[in-house]
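Residue numbers (the numbering used here): 14 to 50. Here the structure comes first, spelled out in structure tokens, and everything after it is commentary.
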């Protein structure tokens with residue numbers, strides 16, 4: 014997973030900050046898309 018974090022940082026120029034909220038991936042996707050539906 015460190016390879017993906019390094020790739021993210023190289024591509025975006027931003028520091029990778031992992032989500033530690035405990036929310037599932039599906040919950041985060043739904044929350045991020047909720048305003049569009």
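C-beta atoms are modelled at their ideal positions from N, C-alpha and C, and glycine is treated no differently.
Remark: C-beta atoms of residue 29 and residue 20 do not approach each other more closely than 7 Å. Exclusion of the five residues before and after residue 16 leaves no residue of its chain whose Cβ lies closer than 8 Å to its Cβ. Sequence-distant Cβ neighbours of residue 44 in its own chain, meaning closer than 8 Å and more than five residues away, are 36. In the three-state reduction of the DSSP assignment, residue 40 falls in the helix class, which pools H, G and I. Each residue's CA atom was taken as its position, placing residue 25 and residue 31 some 15 Å apart.
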